[in-house]
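*Asks:* Chains as they are written, first to last, in the working numbering: chain A, 118 to 529; chain B, 118 to 529.
Every residue gets a Cβ at the ideal spot worked out from N, C-alpha and C, and that includes glycine.
Following this message is one structure expressed as structure tokens.
Protein chains: 2
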Amino acid sequence: MATNLSVNGSRLWDTLMVSAGIGTGPRGGIRRLTLTEPDRAMRDQLKAWAAEGGYALSIDRLGSMTLRRPGTEPDLPPVLIGSHLDTQWAGGRFDGILGVLAGLEVLRTLDDLGIATKRTIEVVNWTNEEGARFSPPMLCSLAWSGQATPEWVEGRIDRDGIRFGDALAGIGYRGPEPVGGRRIDAYFELHIEQGPALDAAGVPVGIVTGGYPSCGMRIAVEGETAHTGPTPMAERHNALVGAAMVAVAVNDIGWAHAAVDAKATAARLDLVPNLPGTLSEYAELFIDMRAPAVETLETMKASLRAALPDCAARSRTAIRIAEEWGFGVFGFDAELIGLLRATAERLAIPTMDLRSQAGHDAYHVARVAPACMIFTPCKGGITHNEAEDIDLSATLPGVNLLLHTALARANR
Amino acid sequence: MATNLSVNGSRLWDTLMVSAGIGTGPRGGIRRLTLTEPDRAMRDQLKAWAAEGGYALSIDRLGSMTLRRPGTEPDLPPVLIGSHLDTQWAGGRFDGILGVLAGLEVLRTLDDLGIATKRTIEVVNWTNEEGARFSPPMLCSLAWSGQATPEWVEGRIDRDGIRFGDALAGIGYRGPEPVGGRRIDAYFELHIEQGPALDAAGVPVGIVTGGYPSCGMRIAVEGETAHTGPTPMAERHNALVGAAMVAVAVNDIGWAHAAVDAKATAARLDLVPNLPGTLSEYAELFIDMRAPAVETLETMKASLRAALPDCAARSRTAIRIAEEWGFGVFGFDAELIGLLRATAERLAIPTMDLRSQAGHDAYHVARVAPACMIFTPCKGGITHNEAEDIDLSATLPGVNLLLHTALARANR
Chain A
118 MATNLSVNGS RLWDTLMVSA GIGTGPRGGI RRLTLTEPDR AMRDQLKAWA AEGGYALSID
178 RLGSMTLRRP GTEPDLPPVL IGSHLDTQWA GGRFDGILGV LAGLEVLRTL DDLGIATKRT
238 IEVVNWTNEE GARFSPPMLC SLAWSGQATP EWVEGRIDRD GIRFGDALAG IGYRGPEPVG
298 GRRIDAYFEL HIEQGPALDA AGVPVGIVTG GYPSCGMRIA VEGETAHTGP TPMAERHNAL
358 VGAAMVAVAV NDIGWAHAAV DAKATAARLD LVPNLPGTLS EYAELFIDMR APAVETLETM
418 KASLRAALPD CAARSRTAIR IAEEWGFGVF GFDAELIGLL RATAERLAIP TMDLRSQAGH
478 DAYHVARVAP ACMIFTPCKG GITHNEAEDI DLSATLPGVN LLLHTALARA NR
Chain B
118 MATNLSVNGS RLWDTLMVSA GIGTGPRGGI RRLTLTEPDR AMRDQLKAWA AEGGYALSID
178 RLGSMTLRRP GTEPDLPPVL IGSHLDTQWA GGRFDGILGV LAGLEVLRTL DDLGIATKRT
238 IEVVNWTNEE GARFSPPMLC SLAWSGQATP EWVEGRIDRD GIRFGDALAG IGYRGPEPVG
298 GRRIDAYFEL HIEQGPALDA AGVPVGIVTG GYPSCGMRIA VEGETAHTGP TPMAERHNAL
358 VGAAMVAVAV NDIGWAHAAV DAKATAARLD LVPNLPGTLS EYAELFIDMR APAVETLETM
418 KASLRAALPD CAARSRTAIR IAEEWGFGVF GFDAELIGLL RATAERLAIP TMDLRSQAGH
478 DAYHVARVAP ACMIFTPCKG GITHNEAEDI DLSATLPGVN LLLHTALARA NR
């Protein structure tokens, strides 16, 4: 295999900029929440690109879209490349998107050069990676890997009470294909680092050796409405106060373990009725906690469990963990990591080992198939913010590593 | 004047129950936020009652509705009776409503008995007393008393960005009359106590001698969006955490002064973007504080001002008081209070002196006209809750006191 085989960087950039024009945010990023109108428009664009390239498109019951470039032995398990095209509310132009469009660029590069592969290569756009509209994140790879049923996913509701299944049908992307259940030879996900390490070190590629053990929780606080005026302090059951105490406790737990790079976040708070003049009767707080070591995460979870009864007693509310989920404890495939290292060395691409602190669909895929991730730099580590940015020149080494490793795997 | 002159209790109850059927809440109370469809329907009902009784109806530019029963000397300043027909989100069936419909019952009783009065008697339904949709509460009596302009009121926006003026026009209740600016002989407001004192003592009438000095604030917290995963604790600017710290500080200040019956409330919190996975970039917290003495309230306000920089520093956000308003420091008219006392004595109605802890339109009216308030019992002091309830038999002494005092004043 020629080491000068390379993707077309300006074509990749052009596709990224087409994406950036779909659901453009008020500050130049992207606001493309899953299963909304901009998400539909982006899916239509991907569909058009698939047709243009002659790649068969299949859509599964949960809306995940797969483009296929057939191999010469199409019965062999395919090589899968993927990420997501949905974004956060104040999302950047590259988070997830780069991984899908780098996959598309790999297919196009192989076509340009007339390279046939033994195995089929597929590119997937996972539905609802971000979890910004439907909780939890990485929802459809969760089902794809057999950890949840499609029915359960379809029944998730957003803050307006809209069901995932109805939103998906509403944008016309409920497909006929089953969710998961087939063999994959290897899964590659290229993603911006979402942290500052590569950018600071001037290294173009991070080889992801694992994730941060992480957990998410939905915490419910029950109080009672009453007039904010005459009701004595000792007779109040203000759900807002209970939730605020939990939010502060979560933040304190994050700080208590900040020295080992752990984090704890109170991210979303919904209140009922949330009006001046009346104490709130109900609150829901979404939190997450992440730590480099499972032991640290377990300590943090125990601290939070211990804090909840105090918050409940002090606010005179009832507080419980209504839902809990975990991610980040997994192993990427040693053989694939070895392939990434060896290929980077052959291509003279500098790399460093990294652990991911964000959630990725690759975590779930890794449960049922060999999987790995390539990180590329993002400026200052800024992400989930419209200012998120990359340099194409610092990104191309990673995309070329994807091309070469996917090709190697597809020919084995 | 005959002391056996009395209102028709069952007719009053019937009108209260008609009101209870308009915007009925899920738990048997009323959800009739100002300038919504249920508010329009209730206004239509009041209009129908005015037509039925032959009372001229005038509607001012801000939608406040006034029914008029002309006196024999119509050029004399009228006697005004009033309260409000809007409710909280989880509102009761009597808060405000009782005062308007007791006023209507006074007019009807005078008609029943063919009693003419020297002065005109009017009954007013103030727009947006509750402040549950447009902040601050008592918005239109504020303008009526010259403390705000109608233009400013019309420009207030609700949480969906809808202007007060547009919402008012939308339900068809923007009237031709100017707001305030005319002389009133006396203002009477009958209201449920919204506290437990009368109910506990078994006394049917509270004579309101004053209010609790109170303040409201809208506190703005500015942060920055970022990914909840990789962003280190020390690089976060989570507006949710800043707001939660302020909410806890407000609650602590309430407890620090609870022994003297002061209160501090974090009532409403709006977050942007308020999604899992992303730190919030903006928060707005609505708080109020009330105390029996001005000095205590000033101490509480100083404590909060001192706490804000700490909350800002600890949460690494910018926190400021974006808006502040006060109410409750006022004097009701000594002559009217004397009239209430003397009349209650003559009618053998037990009374006790009370101070109001809630806000009322009477506070604003008192700035420009002689005003007073009559409190009647509410069970267990429960209010701003759908379980709010009254006994008719415990309420009628107060309504009869309203009848006799309004009549005395209308004939002077």
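Assign glutamate 154 (chain B) to buried or exposed, taking buried as 16 or more other Cβ atoms, counted over all protein chains shown, within 10 Å of its Cβ.
*Replies:* exposed
*Asks:* Secondary structure at glycine 209 (chain B), three-state DSSP: helix, strand or coil?
*Replies:* coil
*Asks:* With a cut-off of 8 Å, does the C-beta of phenylalanine 403 (chain B) fall near any C-beta of chain A?
*Replies:* yes
*Asks:* Let me make sure I understand the geometry here. Which of B:Pro194, B:Gly319 and B:Asp378 has the alpha-carbon closest to that of arginine 236 (chain B)?
*Replies:* If we check each option's Cα against that of arginine 236 (chain B), B:Pro194 comes out closest.
*Asks:* Which stretch, first to last residue, makes up the alpha helix (DSSP H) that contains serine 164 (chain B)?
*Replies:* According to the sequence provided, residue 164 (chain B) is lysine. The question's serine does not apply to it. Note, lysine 164 (chain B): alpha helix (DSSP H), 154-170.
*Asks:* Beta-carbon of asparagine 368 (chain B) versus every beta-carbon of chain A: anything under 8 Å?
*Replies:* By this cut-off, asparagine 368 (chain B) is an interface position.
*Asks:* Can you name the residues of chain B whose CB is closer than 7 Å to the CB of methionine 362 (chain A)?
*Replies:* Chain order gives the chain B residues near methionine 362 (chain A) as Val365, where near means a beta carbon separation below 7 Å.
*Asks:* Go through its chain and collect everything with a Cβ distance to glycine 498 (chain B)'s Cβ below 6 Å, but skip five positions before and after it.
*Replies:* Here glycine 498 (chain B) has Gly312 and Pro313 as same chain residues with Cβ atoms under 6 Å from its own Cβ, once five neighbours each way along the sequence are excluded.
*Asks:* Quick one: grab the DSSP three-state call for glutamate 339 (chain A).
*Replies:* strand
*Asks:* I'd like the list of long-range same chain contacts for alanine 527 (chain B), defined as Cβ closer than 7 Å, with 5 residues on each side in sequence excluded.
*Replies:* Gly188, Val196, Thr234, Lys235, Arg236 and Ile238
*Asks:* So, for serine 331 (chain A): in the same chain, excluding its five sequence neighbours on each side, which residues have a beta-carbon less than 6 Å away from its beta-carbon?
*Replies:* Arg407, Phe444 and Gly445
*Asks:* Please work out which residues of its chain come closer than 8 Å, Cβ to Cβ, to glycine 213 (chain A), disregarding the five sequence neighbours upstream and downstream, and give them in chain order.
*Replies:* Ser200, His201, Leu202, Asp203, Thr204, Glu246, Glu247 and His308
*Asks:* Could you tell me the distance, in whole angstroms, from the CA atom of alanine 366 (chain A) to the CA atom of leucine 456 (chain A)?
*Replies:* Taking the Cα positions, alanine 366 (chain A) is about 44 Å away from leucine 456 (chain A).
*Asks:* Give me the Cβ distance between isoleucine 466 (chain A) and proline 514 (chain A), rounded to the nearest whole Å; I'm assuming they're in contact under 8 Å.
*Replies:* 4 Å
*Asks:* Whose C-alpha, out of B:Gly448, B:Asp192 and B:Asp450, is nearest the C-alpha of arginine 300 (chain B)?
*Replies:* B:Asp192
*Asks:* Starting from the beta carbon of lysine 380 (chain B), find every residue of chain A whose beta carbon is closer than 9 Å, and list them in chain order.
*Replies:* Thr345, Gly346, Pro347, Thr348, Pro349, Met350 and Arg353
*Asks:* Please report the residue range of the alpha helix (DSSP H) in which arginine 186 (chain B) lies.
*Replies:* For arginine 186 (chain B), there is no enclosing alpha helix (DSSP H); the enclosing beta strand (DSSP E) covers residues 182-186.
*Asks:* Does the distance from the C-beta atom of phenylalanine 492 (chain A) to that of glutamate 310 (chain A) stay below 8 Å?
*Replies:* yes
*Asks:* Taking any Cβ of chain B, which residues in the segment 404-427 of chain A have a Cβ under 7 Å from it, in chain order?
*Replies:* Asp405 and Arg407
*Asks:* Rounded to whole angstroms, how far is the Cβ of alanine 488 (chain A) from the Cβ of alanine 475 (chain A), which I believe are closer than 8 Å?
*Replies:* So it is not a contact: roughly 15 Å between Cβ atoms.
*Asks:* Tell me which residue opens and which closes the alpha helix (DSSP H) that valine 270 (chain A) is part of.
*Replies:* 267-271
*Asks:* Mind pulling the chain A residues with CB within less than 7 Å of threonine 342 (chain B)?
*Replies:* Result: Ala207, His501 and Asn502.
*Asks:* Name the DSSP beta bridge partners of histidine 308 (chain B), please?
*Replies:* B:Phe492
*Asks:* To the nearest whole angstrom, what separates the beta carbons of isoleucine 370 (chain A) and isoleucine 436 (chain A), a pair I think is in contact under 8 Å?
*Replies:* The pair is not a contact, with the Cβ atoms about 15 Å apart (cut-off 8 Å).
*Asks:* Could you spell out where the beta strand (DSSP E) holding phenylalanine 281 (chain A) opens and where it closes?
*Replies:* Note, phenylalanine 281 (chain A): premise wrong, no beta strand (DSSP E); alpha helix (DSSP H) at 281-287.
*Asks:* In angstroms with no decimal places, state the Cα-to-Cα distance between leucine 163 (chain B) and proline 390 (chain A).
*Replies:* 27 Å
*Asks:* Cα separation between arginine 128 (chain B) and threonine 151 (chain B)?
*Replies:* 26 Å
*Asks:* Count the C-beta pairs between the segment 284-301 of chain A and the segment 422-431 of chain B that are closer than 8 Å, then say yes if the count reaches three, no if not.
*Replies:* no
*Asks:* Could you round the C-beta distance between threonine 326 (chain A) and phenylalanine 449 (chain A) to whole angstroms and report it? I think they count as a contact, below 8 Å.
*Replies:* About 7 Å separates the two Cβ atoms, so the contact holds.
*Asks:* Just the Cα atoms here: how many angstroms apart are isoleucine 147 (chain B) and methionine 134 (chain B)?
*Replies:* 11 Å
*Asks:* With a threshold of 8 Å between beta-carbons, can valine 482 (chain A) be considered close to chain B, or not?
*Replies:* no
*Asks:* Given 8 Å as the limit, is there contact between the segment 388-402 of chain B and the segment 346-358 of chain B, that is, 3 or more CB pairs closer than that?
*Replies:* yes
*Asks:* For methionine 118 (chain B), which residues of its own chain have a beta-carbon under 8 Å away from its beta-carbon, when the five flanking residues on both sides are left out?
*Replies:* Its pLDDT being 46, under 50, methionine 118 (chain B) is placed unreliably by the model, and the measurement read from it follows with that caveat. Once the five neighbours on either side are set aside, the close Cβ partners of methionine 118 (chain B) are His521, Leu524 and Ala525.
*Asks:* Using C-beta distances below 7 Å, list every residue in its chain close to glutamate 190 (chain A), excluding the 5 sequence neighbours before and after it, in chain order.
*Replies:* Lys235 and Arg236
*Asks:* Keeping to the same chain, check which residues put their C-beta closer than 7 Å to that of aspartate 228 (chain B); ignore five residues upstream and five downstream.
*Replies:* Gly170
*Asks:* Output needed in chain order: residues of the segment 240-271 of chain A with a Cβ under 9 Å from some Cβ in chain B.
*Replies:* Glu247, Gly248, Ala249, Arg250, Ser252, Pro253 and Pro254
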